[in-house]
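Below is one structure; the comments refer to it alone.
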Amino acid sequence: MKSRRAFITDLSIIGLGTNLSFKLSNHAYRLEKINEDINWDKIRKCFLASKHKLINLNSGSSGVMPSPVLEKYVEATTQISSYAPYEVSSSWNDIKKQTFTKLGHHLNASDGDLHLVRNSTEAINSVLWGIDFSPGDEIIYADWDYPFVDYTLIHLKNTKGVSLKKISGYAFDLSDEEIINHYKSRINSKTKLIILTWITHREGRILPVNAIQKIASENGIEVLIDGAHVLGQIEFSIDKLNPDYFATSLHKWLNCPLGSGLLYTKKGKISKLSPPISYPESKQDATNKLDYLGTRAFQNTIGINAAIEFLERTGISKKEARLKELTNYWQQGMKNVKNVKIFSKPNQCALSSFLIDGVPNKKVKSILESKFNVHVKASGYANGIGFLRVSPNIFTSFKDLDALIDGIHAISLGKF
């Protein structure tokens, strides 16, 4: 395997190139002695969202840029609007190279190719529409995958004749062993691809991706990892996981500009993909062939570079711990509320969901917003259980979460 330096040198410019102790704090619980060397209030104040009247607890849909990143982004947008955009973009080549170097570092990837795209959906579709499927090839996926994945697979079934092997069920209901067995039991000689969500978007369930990837590799089956909620939220290693394809959104937990995504392809895989993109025939084996998208937001690369620098103020391990701290805080605030059900495990990540028995989710969401200035996301499984998702970010304070806790308590007691 190549060294990290060799890997980064080869990168083309694409797209624009634990047991935690608690102490009582008011009516909720707060984690002790975690991240005490980081001034999280100072970090929080770097975000305009921290000053908004409405408390945004829906970072799962999209993150927001902190002010230092926003300033760089506005500066780059001004530059590109002041002269010929393509020429200005070309003048940023050194920054683009730095961006890829930093992305490779945070992915812990020492081999393979990186491709900047607009979001994880585009990255996933580049793979799904790029693979040369034959009629009868089987694809394994699950109910807990993102709906857009489902939509694309149905199109592939109708146009290419692939066979879909869908795992039914709720991710929050299953143990790691049960999830692993679901994927393993569906593998056969016709299996061409496994689509595997790392962190589920509905309830923040972290799947045992390493174990499933290992089983797939042993059977010669390619794996596409949907890591939309991974980069910028948890610490991980592409080298250790060794997937064939990894897709993620940079505008979620990395707090990059909207329309920023990334696709990682294992070395040698990009030449096998032929997505419906207007690249020259001569570029079939080229690592930058996904760059042929026409004009786009070239300035996003400047924002991505700045967002990575902002992450490096805290480091991913401390940010991950902070996000867990925030989630554990509001979940612990629900301990004595009998009619509140939480669908997410503690100490997982920043995504978690709940419902109040006997109160429609739509009503709960409306009251939280109108009476407590708290914004959450309505979520759930298609034709199945629905709930409300809470996803704080590093611009979230404990006071913000107290408002959420107060609101849920009040609604559960029938005060509204």
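Residue numbers (our numbering): 674 to 1089.
For each residue, glycine too, the CB sits at the ideal point set by N, CA and C.
Every value quoted in this text rests on a predicted model; they were computed, and no experiment measured them.
Notebook entry, point to check: Which residues in the same chain as Phe-1045 place their Cβ atom closer than 6 Å to its Cβ, once the five residues preceding and following it in sequence are excluded?
Noted result: Ala-1076, Gly-1080
Notebook entry, point to check: Lys-833: which of Gln-957, Val-737, Glu-811 sits nearest, CA to CA?
Noted result: Glu-811
Check: Closest by CA to Gly-803, which one among Ser-848, Ile-852, Leu-866?
Finding: Leu-866
Check: Which ranges does the alpha helix (DSSP H) cover as unbroken runs of at least 4 residues, wholly within the region 899-944, from first to last along the chain?
Finding: 911-914
Notebook entry, point to check: Ser-807 to Glu-895, Cα distance in whole Å?
Noted result: 15 Å
Notebook entry, point to check: DSSP three-state call for Ser-735: helix, strand or coil?
Noted result: coil
Checklist line | Touching by the beta-carbon criterion (3+ pairs, under 8 Å), the region 849-861 and the region 932-949 | finding: no
Next item on the list: Would you check if the region 762-770 and the region 953-967 touch, i.e. whether three or more CB-CB distances between them fall below 8 Å?
Entry: no
Checklist line | Straight-line Cα distance separating Ile-911 from Val-737 | finding: 25 Å
Notebook entry, point to check: DSSP puts Leu-1061 in a beta bridge; with which residues?
Noted result: Phe-1027, Ala-1051
Notebook entry, point to check: Quick one: is Leu-776 buried, meaning 16 or more other Cβ sit within 10 Å of its Cβ, or exposed?
Noted result: buried
Margin query: Does the contact criterion of 3 or more C-beta pairs under 8 Å hold for the region 940-951 versus the region 984-995?
Written below: no
Note to self: Check whether the region 779-798 and the region 1012-1029 are in contact - that is, three or more C-beta pairs closer than 8 Å.
What the structure shows: no
Item checked: Environment of Tyr-756 [buried if 16+ CB atoms lie within 10 Å] -> exposed
Item checked: 7 Å CB neighbourhood of Ser-734 in its chain, flanking five on each side removed -> Lys-1050
Item checked: At least 3 beta-carbon pairs within less than 8 Å: the region 742-755 vs the region 1061-1068 -> no
Note to self: Quick check: Leu-847 and Gln-886, are their CB atoms within less than 8 Å of each other?
What the structure shows: no
Check: What residue from Ser-723, Phe-773, Leu-730, Ile-1058 has the CA that sits closest to Ala-979's CA?
Finding: Phe-773
Next item on the list: Could you tell me whether the Cβ atoms of Val-1047 and Ile-728 are closer together than 8 Å?
Entry: yes
Next item on the list: Can you give me the Cβ contacts of Lys-860 inside the same chain, cut-off strictly under 6 Å, excluding the 5 residues immediately before and after it?
Entry: Note that residue 860 corresponds to Ile in the displayed sequence, not to Lys. Cβ neighbours of Ile-860 beyond the five flanking positions: Asn-892.
Margin query: Rounded to the nearest angstrom, what separates Asn-1009 and Leu-1086 at their Cα positions?
Written below: 12 Å
Notebook entry, point to check: With C-beta atoms as the reference, is Asp-917 less than 8 Å away from Lys-940?
Noted result: no
Next item on the list: Compute the Euclidean distance between the alpha carbons of Lys-726 and Trp-817, then round it to the nearest angstrom.
Entry: 33 Å
Check: Between Ala-844 and the rest of its own chain, which residues show a CB-CB distance below 6 Å, the 5 nearest in sequence each way excluded?
Finding: Trp-817, Thr-873, Arg-878
Check: What's the call for Leu-697, buried or exposed, on a 16-neighbour Cβ count within 10 Å?
Finding: Because the pLDDT at Leu-697 is just 27, under 50, the model does not fix this residue reliably, and the value given afterwards should be weighed accordingly. The residue in question, Leu-697, is exposed, as its Cβ has fewer than 16 Cβ neighbours within 10 Å.
Checklist line | DSSP state of His-788 mapped onto helix, strand, coil | finding: strand
Item checked: Spatial neighbours of Val-800 in its chain, beta-carbon cut-off 6 Å, leaving aside the 5 residues before and after -> Leu-897, Tyr-918
Notebook entry, point to check: Enumerated in chain order, which unbroken segments of the beta strand (DSSP E) with a length of 3 residues or greater are wholly contained in the region 776-836?
Noted result: 786-790, 811-815
Margin query: Considering only DSSP beta bridges, list what Lys-1014 is partnered with.
Written below: Leu-1028
Margin query: Checking 8 Å against the spacing of the C-beta atoms, do Trp-871 and Gly-842 come in under that value?
Written below: no
Next item on the list: Please report how far the alpha carbon of Ala-970 lies from the alpha carbon of Leu-904, in whole angstroms.
Entry: 21 Å
Checklist line | Cα-Cα separation, Phe-695 to Thr-1000 | finding: Low per-residue confidence applies at Phe-695: pLDDT is 25, beneath 50, and the placement is therefore not dependable enough to give any value.
Item checked: Burial state of Ile-827 (16 or more Cβ within 10 Å) -> exposed
Checklist line | Span separating the alpha-carbon of Cys-1022 from that of Leu-996 | finding: 6 Å
Item checked: Residues near Val-1032 by beta carbon distance below 7 Å, same chain, minus five either side -> Ile-1084
Checklist line | Rounded Cβ spacing between His-778 and Ile-989 (contact assumed at less than 8 Å) | finding: Their Cβ separation, rounded to whole angstroms, is 10 Å, which puts His-778 and Ile-989 out of contact at 8 Å.
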